[in-house]
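Okay, structure first, notes after.
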Amino acid sequence: MAGPRRDTRGIVDAAELFTHVRFRRYEPAGPLRPYVDNYWLIDWDLTEPYASHIVPHPSVNLVFQRFSEGTPDFPGVVRAAVGFGEVAGVALGLFTQKLEGRGRVCGVKFRPGGFRPFAPERPVSEWTGRRVLVGEVFSGCLRGGLAGASGENSGGDPGYDSGGYDSGGDDGGGGDDSGHECGGGSEGDDPTGARAAALVLDPEDDLARVAALDAFLLTRGPRPDPRADLAVELAERIRTDGTALRVGELSRGAGLSVRSLQRLFAAYVGVGPKWVVLRHRIHQALEHAESAAEVDWPTLAADLGYADQAHLVRDFTATVGVPPTAYVPKR
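In my numbering, each residue's number is its place in the sequence shown (first place is 1) plus 10.
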């Protein structure tokens, strides 16, 4: 098993965060890697509250958590100290989480497009901007969830523009209407995921926690789905291919119409391709601001596909809360 990964993409002032928490990333088991980007583990023991800020990726996260202070945001979770699990859909705005006292979180960050094979009954856009207890997702039973739960600013545009996702239509996914329950889980009688949370959170050893996350996912899928594979491939192309920074270029390269591309992303990623492109640009800008003593913002704007620096400044400010020239991370 590979050791911890150091990856700070999307973390606002990562150096400051690392002075308050122990943060590690690990790779999942081999069969899960086409769908799961990484596991992320956080432990903290604070004398003063601290607020972390994340510019979210276009990814669904499965999160098991336990903390000594604070009130949980979910009905049915009586004491957060017991531990519970949630599925966090793609967050549209800046994600802010207040940490206090002692706590532990073990999360699964799915690749964009990689979550639906584990929960095929609903399009991933069903979870966008929401945080839902694990029992509501993996049992196939939807009981409402929580929109805009504390810790998330759910504002923003998911990018279903110009013929985007139609929630009433057939998305061509791998789900069915037969009431099939996802995988071999038993969340129906454990809606908060307390039992699974204990298996993941109790071990003090990181590798034991990673093994528990592997086991949770491997018993629940993934269900093969070529459209999910295509969505993962196209989202990865946005992240790695500098020529795929516009929706039209991406759709032509995939041999899809723009409308078909938008429907695919809504059903499997949870947001539109335009949103994914824009979020990738902000992550790149943040990474430059974190790592470089000085940033040539006009050149960076051009490299990221912006028409001019003003457009980059507008998007950066709207997402991070301050203009790029005022963003001064702790080094």
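For each residue, glycine too, the CB sits at the ideal point set by N, CA and C. On a predicted model such as this, the values are computed, not experimentally measured, just so you know.
Closest to Gly-103 by C-alpha separation, out of Ala-336, Val-134, Val-330, Ala-241, would be which residue? Position 93 of the sequence shown, counted from the start, is the residue given in the question as residue 103. Nearest of Ala-336, Val-134, Val-330, Ala-241 to Gly-103, Cα basis: Val-330.
Gly-165, DSSP secondary structure in three states: As a working note, residue 165 is residue 155 in the sequence shown. Residue confidence for Gly-165 is low, a pLDDT of 49 falling below 50, so the modelled location carries little weight and cannot support an answer.
Below 6 Å CB to CB, which residues in the same chain sit around Pro-234 once its five sequence neighbours on both sides are set aside? Residue mapping note: residue 234 aligns to position 224 of the sequence shown, counting from 1. Cβ within range, chain order: n/a, list empty.
Would you call Pro-41 buried or exposed, if buried means 16 or more other Cβ atoms sit within 10 Å of its Cβ? Counting from 1 along the sequence shown, the entry for residue 41 is found at position 31. When all chains shown are included, Pro-41 counts as exposed.
From which residue to which residue does the beta strand (DSSP E) around Arg-230 run? Here residue 230 corresponds to residue number 220 of the sequence shown, with the count starting at 1. Unbroken run through Arg-230: none, as it is neither H nor E.
What are the residues that DSSP puts in a beta bridge with His-63? Counted from its first residue, the sequence shown places residue 63 at position 53. DSSP output for His-63 lists Thr-106 as bridge partner(s).
Taking the beta strand (DSSP E) that Gly-95 falls in, what are its first and last residues? Counting from one through the sequence shown, the residue named residue 95 turns up at place 85. Note, Gly-95: beta strand (DSSP E), 94-98.
For Asp-47 and Gly-263, the rounded distance between their alpha carbons: Looking up residue 263 in the sequence shown gives position 253. Looking up residue 47 in the sequence shown gives position 37. Taking the straight line from one Cα to the other gives about 24 Å.
Does the distance from the C-beta atom of Leu-244 to that of Thr-202 stay below 8 Å? In the sequence shown, counting from the first residue as 1, residue 244 sits at position 234. In the sequence shown, counting from the first residue as 1, residue 202 sits at position 192. Not closer than 8 Å, so no.
How many angstroms separate the CA atom of Leu-228 from the CA atom of Arg-249? On the sequence shown, residue 228 is found 218 positions in, with the first residue counted as 1. On the sequence shown, residue 249 is found 239 positions in, with the first residue counted as 1. Computed Cα separation, rounded: 27 Å.
List the whole-angstrom C-beta distance separating Glu-300 from Ala-61, where the pair is believed to meet the contact cut-off of C-beta under 8 Å. Residue numbering aside, residue 300 sits at position 290 when the sequence shown is read from its first letter. Residue numbering aside, residue 61 sits at position 51 when the sequence shown is read from its first letter. The pair is not a contact, with the Cβ atoms about 18 Å apart (cut-off 8 Å).
Spatial neighbours of Pro-68 within its chain, please: C-beta separation below 8 Å, excluding the five flanking residues on both sides. The residue labelled residue 68 in the question sits at position 58 within the sequence shown. Hits under 8 Å: Val-100, Pro-122, Ala-245, Val-279, Gly-280, Val-281, Trp-285, Val-286, Arg-289.
Where Phe-128 and Pro-59 are concerned, what is the direct C-alpha to C-alpha distance, given to the nearest angstrom? Locating residue 128 in the sequence shown gives position 118, counting from the first residue. Locating residue 59 in the sequence shown gives position 49, counting from the first residue. So the two alpha carbons sit approximately 35 Å from each other.
Quick one: grab the DSSP three-state call for Arg-132. Along the sequence shown, one-based indexing puts residue 132 at 122. Of the three classes helix, strand and coil, the one that applies to Arg-132 here is coil, per DSSP.
Tell me the residue span of the alpha helix (DSSP H) that contains Phe-326. For the purposes of this step, residue 326 is taken as the residue at position 316 of the sequence shown. 319-330 is the extent of the alpha helix (DSSP H) around Phe-326.
Under 8 Å Cβ to Cβ from Asp-224, same chain only, skipping five residues before and after it: list those, please. On the sequence shown, residue 224 is found 214 positions in, with the first residue counted as 1. Excluding positions up to five away in sequence, the list reads Pro-38, Ala-39, Leu-42.
Could you tell me how far apart the beta carbons of Val-115 and Gln-75 are, in whole angstroms, since I believe they sit closer than 8 Å? Working through the sequence shown from its first residue, we reach residue 115 at position 105. Working through the sequence shown from its first residue, we reach residue 75 at position 65. Confirmed, about 5 Å.
Can Gly-346 and Ser-78 be called in contact, C-beta distance under 8 Å? What the structure shows of the chain is the stretch from 11 to 341, and residue 346 is not part of that stretch, so it cannot be assessed.
Three-state secondary structure (DSSP) at Val-115? For the purposes of this step, residue 115 is taken as residue 105 along the sequence shown, with counting starting at 1. Strand.
Local conformation of Thr-18 per DSSP, three classes: On the sequence shown, residue 18 is found 8 positions in, with the first residue counted as 1. Coil at Thr-18, not helix or strand.
What is the residue span of the beta strand (DSSP E) that Leu-72 lies within? Stepping through the sequence shown from its first residue, residue 72 is reached at position 62. That run of the beta strand (DSSP E) goes 71-77.
With C-beta atoms as the reference, is Phe-120 less than 8 Å away from Val-65? Locating residue 120 in the sequence shown gives position 110, where the first residue counts as 1. Locating residue 65 in the sequence shown gives position 55, where the first residue counts as 1. Against a cut-off of 8 Å, the Cβ pair of Val-65 and Phe-120 comes out as no contact.
Check this for me: beta carbons of Leu-296 and Trp-307, under 8 Å apart or not? Here residue 296 is taken as the residue at index 286 of the sequence shown, counted from 1. Here residue 307 is taken as the residue at index 297 of the sequence shown, counted from 1. Cβ distance not < 8 Å, so Leu-296 and Trp-307 don't count as in contact.
Rounded to whole angstroms, what's the CA-CA distance from Gly-195 to Phe-226? Just pull it up for me. Locating residue 195 in the sequence shown gives position 185, counting from the first residue. Locating residue 226 in the sequence shown gives position 216, counting from the first residue. Any answer about Gly-195 is weak, because its pLDDT of 48 lies below 50 and its placement is not dependable; what the coordinates show is given next. If you take the alpha carbons of Gly-195 and Phe-226, they lie about 8 Å apart.
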